[in-house]
């Protein structure tokens with residue numbers, strides 16, 4: 001029986017391919033299902049699909065071989081929100097509150113005091129190394145991964161009352177899936193610390209740890225009585241994965257220039273320049289947060305990027321107009337299609 | 351006609367699968383084709399195939415999900431020779447000779463003088479930063495990649511009278527292919543500089559640039575009148591990708607502990623310890639150069655690793671006894687099966 005049905009199906013596929021081959025191309029385009037149904041029709045959607053069609057069309061001058069189809073995505077503000085606080089900072093602040101009991105001196109010592117007093121506006125980029133040192137160092141790689149996963153399992157977003165890992169934008173998840181189907185290898189390239197991102201990138205985005213570029217914390221190899229471990233020193237390996245640091249790390253980790261870069265803020269400018277201003281095709285995209293009702297509306301920290309988008313022809317995605325939805329319906333499953341990767345959940349625990 | 355043959359083949363495949371399913375397992379094993387025909391039967395081959403069978407058997411306690419099947423391979427001395435000189439050094443020395451005309455001071459300045467006088471034994475690890483600075487820095491990423499590819503196209507091995515990139519060991523290429531078929535993602539983790547390895551890893555091993563971990567040279571992002579470039583400073587980003595540096599970089603670049611590590615020298619010890627001494631399955635393999643006739647025979651620089659192999663149960667591959675051949679026959683094609691990746695040839699040139 002199975003053989004018979006197999007035969008029938010095979011014949012039908014061949015027939016369909018033959019008919020398809022004879023049809024004129026406008027007909028084919030009309031029957032093609034919408035690859036991004038969670039995106040409203042408009043310039044942004046058109047530009048993204050047009051670019052992917054162009055670089056994957058065998059007869060196009062812009063054809064890019066599959067192994068060079070690299071896309072880089074910023075994370076905070078691009079794949080999930082970054083308000084009211086940048087999530088990696090939220091993680092750090094929560095850890096500091098948890099660890100404060102063991103560090104009574106922090107009550108008077110800056111920048112820790114500011115965190116404990118929730119005086120977040122006092123904290124600047126210069127304070128990051130000390131805060132990262134205290135929360136990301138002094139433990140093994142495995143211990144840190146456990147801390148990160150625990151936070152992601154329990155902490156909730158103050159406004160959306162939802163676990164952070166469930167706040168990935170569904171139209172963006174759909175875009176990642178669409179690019180993968182078109183042969184893209186997708187890397188996250190974000191300012192957060194790499195092992196924090198790796199703790200959820202598998203589950204949230206189906207992006208395995210080896211495709212995550214973040215700010216790197218140094219480790220030291222040690223043989224202990226429990227076997228070999230990587231001990232986290234807590235020192236940042238320069239550069240911070242932000243601004244000029246992004247293209248530097250893209251070369252370091254990938255070794256190829258991406259053909260798509262997707263960001264949302266001034267920290268993504270250099271990554272977009274690197275992707276779009278070289279030889280060959282390159283698509284730069286910025287997500288604009290203009291949707292106070294469903295998410296947030298703000299321009300601070302993105303002014304320069306939005307200005308350069310106009311100059312350089314980068315695609316600007318309006319969350320308000322281009323996203324049919326922002327987050328998954330609460331009763332629905334988060335990832336709409338396909339299975340979730342198991343990588344990420346157990347990462348670093350072997 | 352095509353449909354008819356397709357049908358026939360399909361029916362045969364289904365029939366074969368059915369018969370296979372009914373047969374008892376020893377019969378299946380007997381009819382299974384040898385996955386490593388370029389390897390002689392023996393303990394090494396048995397241990398490698400046994401490990402792969404074990405971690406990919408759905409009913410085994412050692413089953414490792416596909417996304418965690420990470421294998422790391424040293425390059426020099428493991429995938430191709432490292433004698434009479436370590437090939438990355440050969441590349442550096444050739445560049446210094448080429449550049450000497452523009453640097454007359456090198457005639458009296460060490461370590462450059464030693465290179466020009468071919469007094470290689472005078473050069474030690476401490477001299478590497480200066481040699482690397484002079485040859486790997488002061489140019490853009492694209493310019494460097496061109497230098498590396500030019501060398502690989504033209505330079506010849508003094509004994510084998512063959513281009514370096516054609517000296518990959520065929521049994522090792524077959525092993526890479528076998529692991530890929532079993533779901534492994536393979537990374538090179540070698541002491542050479544990353545961009546030098548990336549210039550040939552696609553063509554020689556079908557390993558794309560993003561799966562190459564080498565010693566990293568720092569770059570600086572700059573906007574020039576020719577567009578954005580990565581300017582190579584020539585400084586090494588610590589750690590050197592050797593000894594303790596290997597597991598540190600494996601975590602940094604991959605974020606997962608490998609389950610197979612394959613090396614050949616004392617510089618690979620920590621990578622093998624990290625892979626084999628943690629929780630869960632891990633296979634460590636050392637290639638022993640004991641074949642003066644077909645390649646080289648030496649123990650210097652590998653003594654400690656060979657000793658630890660006994661203690662830790664690492665598999666030792668004897669080039670003499672375990673390799674049916676070492677290099678491709680000169681009249682044959684280098685890569686025996688499948689197409690070559692185009693990645694690597696054009697890398698960095700977009």
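Chains as they are written, first to last, in our numbering: chain A, 1 to 350; chain B, 351 to 700.
Cβ atoms here follow ideal geometry from the backbone N, Cα and C, with glycine treated the same way.
Short CB-CB distance (under 8 Å) between residue i and chain A
i: residue 635 (chain B); result: no
i: residue 557 (chain B); result: no
i: residue 514 (chain B); result: no
i: residue 680 (chain B); result: no
i: residue 565 (chain B); result: no
i: residue 483 (chain B); result: no
i: residue 573 (chain B); result: yes
i: residue 422 (chain B); result: no
i: residue 372 (chain B); result: Confidence at residue 372 (chain B) is low in this model, with a pLDDT of 44, below 50, so its placement is unreliable and no value can be given for it.
i: residue 598 (chain B); result: yes
i: residue 577 (chain B); result: yes
Status (buried if at least 16 other CB within 10 Å, exposed otherwise) for residue i
i: residue 591 (chain B); result: buried
i: residue 245 (chain A); result: buried
i: residue 618 (chain B); result: buried
i: residue 451 (chain B); result: exposed
i: residue 111 (chain A); result: buried
i: residue 363 (chain A); result: Residue 363 (chain A) cannot be examined here, being either before or after the span of chain A that is shown, 1 to 350.
i: residue 527 (chain B); result: buried
i: residue 697 (chain B); result: Reliability of the predicted coordinates at residue 697 (chain B) is poor, the pLDDT of 43 falling under 50, and the value obtained from them is presented with this limitation in mind. Per the 10 Å Cβ criterion, buried.
i: residue 66 (chain A); result: exposed
i: residue 313 (chain A); result: exposed
i: residue 330 (chain A); result: exposed
i: residue 120 (chain A); result: exposed
i: residue 672 (chain B); result: buried
Three-state secondary structure (DSSP) of residue i
i: residue 61 (chain A); result: coil
i: residue 373 (chain B); result: Any reading at residue 373 (chain B) must be qualified, since the residue scores a pLDDT of 45, below 50, and its modelled position is unreliable; the value itself is stated next. Looking at residue 373 (chain B) - three-state DSSP - the assignment turns out to be coil, as it is neither helix nor strand.
i: residue 582 (chain B); result: strand
i: residue 275 (chain A); result: helix
i: residue 151 (chain A); result: helix
i: residue 426 (chain B); result: strand
i: residue 185 (chain A); result: strand
i: residue 518 (chain B); result: coil
i: residue 314 (chain A); result: coil
i: residue 642 (chain B); result: coil
i: residue 218 (chain A); result: strand
i: residue 107 (chain A); result: helix
i: residue 636 (chain B); result: strand
i: residue 557 (chain B); result: coil
i: residue 540 (chain B); result: strand
i: residue 140 (chain A); result: strand
i: residue 156 (chain A); result: strand
Rounded distance between the beta-carbons of residue j and residue i, thought under 8 Å
i: residue 390 (chain B); j: residue 674 (chain B); result: 6 Å
i: residue 430 (chain B); j: residue 505 (chain B); result: Not quite, the Cβ-Cβ distance comes to about 13 Å (not below 8 Å), so this is no contact.
i: residue 183 (chain A); j: residue 69 (chain A); result: 5 Å
i: residue 152 (chain A); j: residue 96 (chain A); result: Wrong, their Cβ atoms sit about 17 Å apart, outside the cutoff.
i: residue 609 (chain B); j: residue 473 (chain B); result: Actually they are not in contact, since the Cβ atoms of residue 609 (chain B) and residue 473 (chain B) sit about 37 Å apart, beyond 8 Å.
i: residue 192 (chain A); j: residue 88 (chain A); result: 4 Å
i: residue 144 (chain A); j: residue 232 (chain A); result: 6 Å
Test: residue i CB closer than 8 Å to a CB of chain B
i: residue 186 (chain A); result: no
i: residue 149 (chain A); result: no
i: residue 305 (chain A); result: no
i: residue 138 (chain A); result: no
i: residue 69 (chain A); result: no
i: residue 169 (chain A); result: no
i: residue 158 (chain A); result: no
i: residue 254 (chain A); result: yes
i: residue 274 (chain A); result: yes
i: residue 210 (chain A); result: yes
Of the residues the options, the one placed nearest residue i, counting alpha carbons only
i: residue 497 (chain B); options: B:645, B:464 and B:545; result: B:545
i: residue 639 (chain B); options: B:614, B:420 and B:660; result: B:614
i: residue 665 (chain B); options: B:461, B:632, B:562 and B:386; result: B:632
i: residue 782 (chain B); options: B:484, B:440, B:438 and B:407; result: Not covered by the structure: residue 782 (chain B). The range shown for chain B is 351 to 700.
i: residue 566 (chain B); options: B:508, B:468 and B:589; result: B:589
i: residue 624 (chain B); options: A:48, A:228, A:66 and A:37; result: A:228
i: residue 428 (chain B); options: B:459, B:611, B:572 and B:464; result: B:611
i: residue 635 (chain B); options: B:384, B:395 and B:607; result: B:395
i: residue 71 (chain A); options: A:310, A:271, A:277 and A:299; result: A:271
is_contact[residue i, chain D] using C-beta, thresh 8 Å
i: residue 194 (chain A); result: You won't find chain D in this structure, because its protein chains are A and B.
Near the ligand PLP: residue i beta-carbon under 7 Å from a heavy atom
i: residue 286 (chain A); result: Of ligands this structure carries none, so the ligand PLP is not represented either.
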